[in-house]
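Visitor:
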RNA sequence: GCGCUUGUAGCUCAACUGGAUAGAGCGCCUGACUUCGGAUCAGGAGGUUCUGGGUUCGACUCCUAGCAGGCGCACCA
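In this note's numbering, the protein residues as written are 702 to 1278.
(1) Which partner residues of residue 1057 appear in the DSSP bridge assignment?
(2) Does the distance from the CB of residue 802 to the CB of residue 1251 come in under 9 Å?
(3) To the nearest angstrom, how far is it from the Cα of residue 1166 to the Cα of residue 1065?
(4) Ignoring anything shorter than 3 residues, give me the beta strand (DSSP E) runs that lie fully in the region 705 to 783, in order along the chain.
(5) How far does the alpha helix (DSSP H) with residue 1255 in it extend, from its first residue to its last?
(6) Can you say whether residue 1057 is buried or exposed, counting buried as having 16 or more other CB atoms within 10 angstroms of its CB?
(7) Using 10 angstroms around the beta-carbon of residue 703, count the other beta-carbons present and answer buried if the total reaches 16, otherwise exposed.
(8) Select from 837, 1155 and 1013 the residue whose C-alpha is nearest the C-alpha of residue 1223.
(9) By how many angstroms is the C-alpha of residue 760 removed from the C-alpha of residue 728?
(10) Does the Cβ-Cβ distance between residue 785 and residue 827 come in under 9 Å?
(11) In this structure, how does DSSP classify residue 1210 when only helix, strand and coil are distinguished?
(12) Along the chain, where does the beta strand (DSSP E) that runs through residue 791 open and close?
(13) To the nearest angstrom, how far is the alpha carbon of residue 863 from that of residue 857?
(14) Are the region 1259 to 1274 and the region 1122 to 1131 in contact at 8 Å, needing three or more beta carbon pairs?
(15) If you draw a straight line from the C-alpha of residue 1075 to the C-alpha of residue 936, how long is it?
(16) Is residue 1109 helix, strand or coil by DSSP?
(17) Between residue 746 and residue 1163, what straight-line distance do the alpha-carbon atoms span, to the nearest angstrom?
(18) Give the range of the beta strand (DSSP E) segment to which residue 1137 is assigned.
(19) Taking residue 701 as the reference, give the member of 1242, 1259, 1084 and 836 with the closest Cα.
(20) Which complete beta strand (DSSP E) runs does the region 800 to 868 hold, if anything under 3 residues is left out?
(21) Short check: CB of residue 1185 to CB of residue 798, under 9 Å?
(22) Tell me the start and end of each unbroken beta strand (DSSP E) in the region 1118 to 1200 that is at least 3 residues and wholly inside, in chain order.
(23) So, helix, strand or coil for residue 1280, using DSSP?
(24) How should residue 946 be labelled, buried or exposed, when 16 other C-beta atoms within 10 angstroms of its C-beta is the threshold for buried?
(25) Taking DSSP as the reference, what is the three-state secondary structure of residue 1221?
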């Protein structure tokens, strides 16, 4: 039900016919020709650039070409009210009101699938997001990427693609050892009243570790905590379990559920790293060598050593990357290559990685490895979520990891709620920094786009409530012989953009388009609603407490679109606020 | 120094994968309420899209050279 695609197809048919009888020359591909939404000042419904695209090859001015095309376009279609040619050569089409009545009829008939692109072929996606270290609760910094990944998944799922949501657990390496030690010292603090060595900068000072320690003590009374080395492995496992438990609670409070949690440690244990390095070696992409010192300021500490390297420069990276540390352990990069091999072996069409801005520099090397492993360069799609600037009391709020005073997801949800957090985090393009103003987010006004959209839905719900009708049940209408007013058609035009909005959000993996669209739709609706204030004839419900069929389904499709949009964003649509 | 990224109204940001006279909100100015729920609406002022070149019917968008902010440049994860 994408009227723009429908008209593009119609147009192409007309063009082919004209070229058959020799009155038009066509290029091999008709790619550049589009049917789009004209700017609102033109008072047309759809618009095409066809005359400008074909003018050169036909050696005619866009205006002349447009004039001949318009005749064929008009002839083919009795739903068109008039066609205009506008300055550079656009052809603008205005439909008769009956077009919009038919449009509504179609939507009601396909209410379950409106907005979904059913013609496009469907893919199987793996999306990896969050993947925060299992050493403590999620904080605000993780939040944007988490929501971005979740909503990208929702968009793909809405469009009937297959999606697997995955969390990569970095449970291997130095940070985990330091984390386990921190838990251990907290345990000793509790059991033997030894004070926590807070001057050790490698340790995690956060108070949540105390809870982990308590839980581990309570669950495992038989363990002898006296000697660290003896229980290190066991304690590591329990500590990670505690952290993951907390992370999952955090994710849950954001409304996020991953399908898989993949353990780095297990990959290493299963020799997957060796296998992938072996594979790369056979392709001459691994060698022993030295990396040049970085060009940054502090090269004094640089020690040059020979180590195992991956030839990522073959794929455009600016230096080759280390696979093995001097103590023989694999680098983070090495096991991540193994993880991506693991992903590739599971036969997905596309792999999506959501990364924080601070990891953007990592993209080149990991995409190099995927290119090396898959021999293609369009398998992996990396999306970066830029930083969130927290603003409290009109001032930027700085978090300090060392002091342990950072705002957790838990704090955020308690203060502003899940819906507002999700909506505001998405409201901007993901590759621009985002201001997250606490005072603003809580405010229940137009300044807060969440409430603005929710309010439009609640208004529609209130009409149905007054009429004692169910907003969620299907509406059946036998006669579609009514016509919509200009104000209503304005909203229907916006509704017709919904499939286009979803399609773009899906193709470009840009979720912010959904809230932006919903805001615009809500805005048109609020305007329309207020017409009833000046003119009682324009109210939905008449004096006899009745509503006409056309208004009833009109409201229904608006609320349906808002509902499906808000479902994608993952926020609620209350019927009363 | 190198890489990535951003630069659009006073402020926060859109702009349909190259379209038309660049749009919203906040703030400012003027209006609409004993509300079909004002958490709303109508109107006004506000622009050299960071700068200079290029590509073409057409550039906020693409290329190129700069300028300015952010992030990154490890055997960390």
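Note that beta-carbon positions come from the ideal geometry of N, C-alpha and C, so glycine has one too.
Computed from a prediction, not measured in an experiment: that's the story for all the values here.
Guide: Looking at the atomic coordinates:
(1) 1086
(2) yes
(3) 55 Å
(4) Note on the region 705 to 783: whole beta strand (DSSP E) runs with a minimum of 3 residues are 747 to 749, in chain order.
(5) Where residue 1255 is concerned, the enclosing alpha helix (DSSP H) stretches over 1250 to 1270.
(6) Taking a 10 Å sphere around the C-beta of residue 1057, we find 16 or more other C-beta atoms and assign the residue as buried.
(7) buried
(8) 1155
(9) 13 Å
(10) The answer is no: Cβ separation not under 9 Å.
(11) In this structure, residue 1210 counts as coil in the three-state DSSP scheme.
(12) 791 to 796
(13) 7 Å
(14) With contact defined as three or more Cβ pairs closer than 8 Å, the region 1259 to 1274 and the region 1122 to 1131 are in contact.
(15) In a straight line, the C-alpha of residue 1075 is about 38 Å away from that of residue 936.
(16) strand
(17) 30 Å
(18) 1135 to 1138
(19) Outside the modelled stretch of the chain, which goes from 702 to 1278, sits residue 701, for which no answer is possible.
(20) 825 to 829
(21) In contact: residue 1185 and residue 798 (Cβ atoms closer than 9 Å).
(22) 1135 to 1138
(23) Outside the displayed span of the chain (702 to 1278) sits residue 1280, for which this structure offers no information.
(24) Exposed, because fewer than 16 other Cβ atoms sit within 10 Å of the Cβ of residue 946.
(25) helix
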